Structure formats: C-alpha cells, structure tokens
Amino acid sequence: MPSPPAAKRRRVDSLGIHKPFVSPLKRNPTATTDQATTTTTSKPSIRATEIIQAQHHLRALESQVRSLRSQNSVLQQALDIPVPHSSSQQTPRLVRLEQKWRKASQQAAEEVFSSFSQNIKDNGGYTAFLKQQQSNQARNFFDDGEQEVGDEENEEEWRDEDGDCLTQRGKRQRREEIDAKKQGKEVEAEEEEEEEEEELTLGSMLHVLNIPFEDIGWDAETQAWK
C-alpha cells in the first residue's frame, strides 16, 4: 500500500493523532493516596497527643496529692512530740514548727484543690463523683451478701441463734431478711440520686483524701482556715 503524501502526513502529525487519549476526569492515584494517608495519620496523632497531655496532668495531680499527704504526716508527727513540763523553753519552738508546717500544708492543699476541682468538674461534677463512690460501696455490700448466702446454701443445714437446725420456714424467713436488706440499700441509693447538686469545697477534698481537719487547721463551720 503506498504511503500517504508528505503534506497529508505532516497534517496528521501536527494534530497529535498519534498520541494516546487521556481522559480529563481521571484522577491522579498518587495524589489521592497521599491525601488519604495524610488525613489518616493526622487524626491518630492528635488523639495520641491528647492522651499524653491527660496522663501528664494526672501524674502532676498525683504528685501534688502525695506532697500534701507527706507534709500533713510531718505536721502530725510534730503534734505528737511530747513536751516536757520541766523545759518550758521548748514550747515556743514547737509552736513555731507547728505553725510553719501547717501553713505549708494549707498552701499545698489550695494548690491541689485547684487541679482536683477541675478534674471533678470535667468528669461529671462532685455529685456524680459521690454517686460513683456510693455505687462501689453498694456493689461491695451486695457481693458480700451474695457470698454469704452462697456459703450458707453450701452447708448441709442452716442453724438459728441457739444452734438448732432451721426448718424450711426458717430458711425462707432468712432469705426474706437478706432480700429486704438489699432492697433497703437500693431505696437509699435512689433517694440520694434525687438530691440536689452538692458543692465541692476544700473541706470536701480533705475528707476524700482522709486528711483530718484538726491537723491541717480547717474549720468545717466557717469553711476557712483557722
């Protein structure tokens, strides 16, 4: 077959017909993959940073609590030092030491309270915190009651106060007493849920940390330092 004339071949080449067709709607797979990878890796990175910051905050709060308890322990030891009656000159020195450690403990308590109250607020408030504690106590009580019933049922016979074997009627009464005790606890828990929101105070925090008010100098009536 004869080849086309030179002039016609030049026109075909100039139009680019020999080049493969590329759709303008086709996306670049490399760019799409890079974008998806960047989006996927950025979200876990932000989440990991938030977790690390929360862990640092928790460690700092625990350190402050340990420091407060340590200072309160030193203050308690100073209060327990016996004062000889024959040496009245030592009394002013012990009073100054007591005032020094008490003041340091009060300052540490105020610093801890700032972080403690914010932590409680971020986790549902003080009332929710108390309910969680009461729920844990009630759960422990129910577990103990169920264990007690299980131990008694594993025995061959139940006995009363005199050591006599209980009859079937006595066993039913014993079970009713245990059930009534559980129901009473549940009613108390429901009544506590209906109470108004309680306010978190510095005294409340000291109570949670088991720090006696007298040792650190907190007045429960005036809600202030003595």
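full-length UniProt numbering puts the first residue of the sequence shown at 1, with every later residue one more than the last. Each residue gets a CB set at the ideal place from its N, CA and C atoms; glycine is no exception. Keep in mind it's a predicted model, so treat the numbers as computed, not measured.
**Prompt:** Alpha carbon to alpha carbon, how far is Asp-215 from Lys-181?
**Reply:** 38 angstroms
**Message:** Given this structure, state the Cα-to-Cα distance separating Leu-202 from Ala-108, to the nearest angstrom.
**Reply:** 12 angstroms
**Request:** Measure the CB-CB distance between Trp-218 and Leu-206 and report whether it falls below 8 angstroms.
**Result:** yes
**Item:** Beta-carbon contacts of Pro-212 that lie in its chain and below 6 angstroms, excluding the five residues immediately before and after
**Value:** none
**Asked** How should Arg-93 be labelled, buried or exposed, when 16 other C-beta atoms within 10 angstroms of its C-beta is the threshold for buried?
**Response** exposed
**Prompt:** How should Ser-204 be labelled, buried or exposed, when 16 other C-beta atoms within 10 angstroms of its C-beta is the threshold for buried?
**Reply:** buried
**Request:** Whole angstroms is fine: what's the gap from Trp-101's alpha carbon to Lys-121's?
**Result:** 30 angstroms
**Asked** By Cβ distance, which residues of its chain are closer than 6 angstroms to Leu-209, with the 5 residues on each side in sequence left out?
**Response** none
**Asked** Does the distance from the CB of Phe-113 to the CB of Leu-61 come in under 8 angstroms?
**Response** no
**Message:** If the criterion is Cβ atoms closer than 8 angstroms, does the pair Leu-68 and Ser-105 meet it?
**Reply:** yes
**Request:** Spatial neighbours of Glu-199 within its chain, please: CB distance less than 8 angstroms, with the 5 preceding and 5 following residues excluded, ordered by chain position.
**Result:** Tyr-126
**Message:** Can you look up Ala-224 in the DSSP assignment and give me helix, strand or coil?
**Reply:** strand
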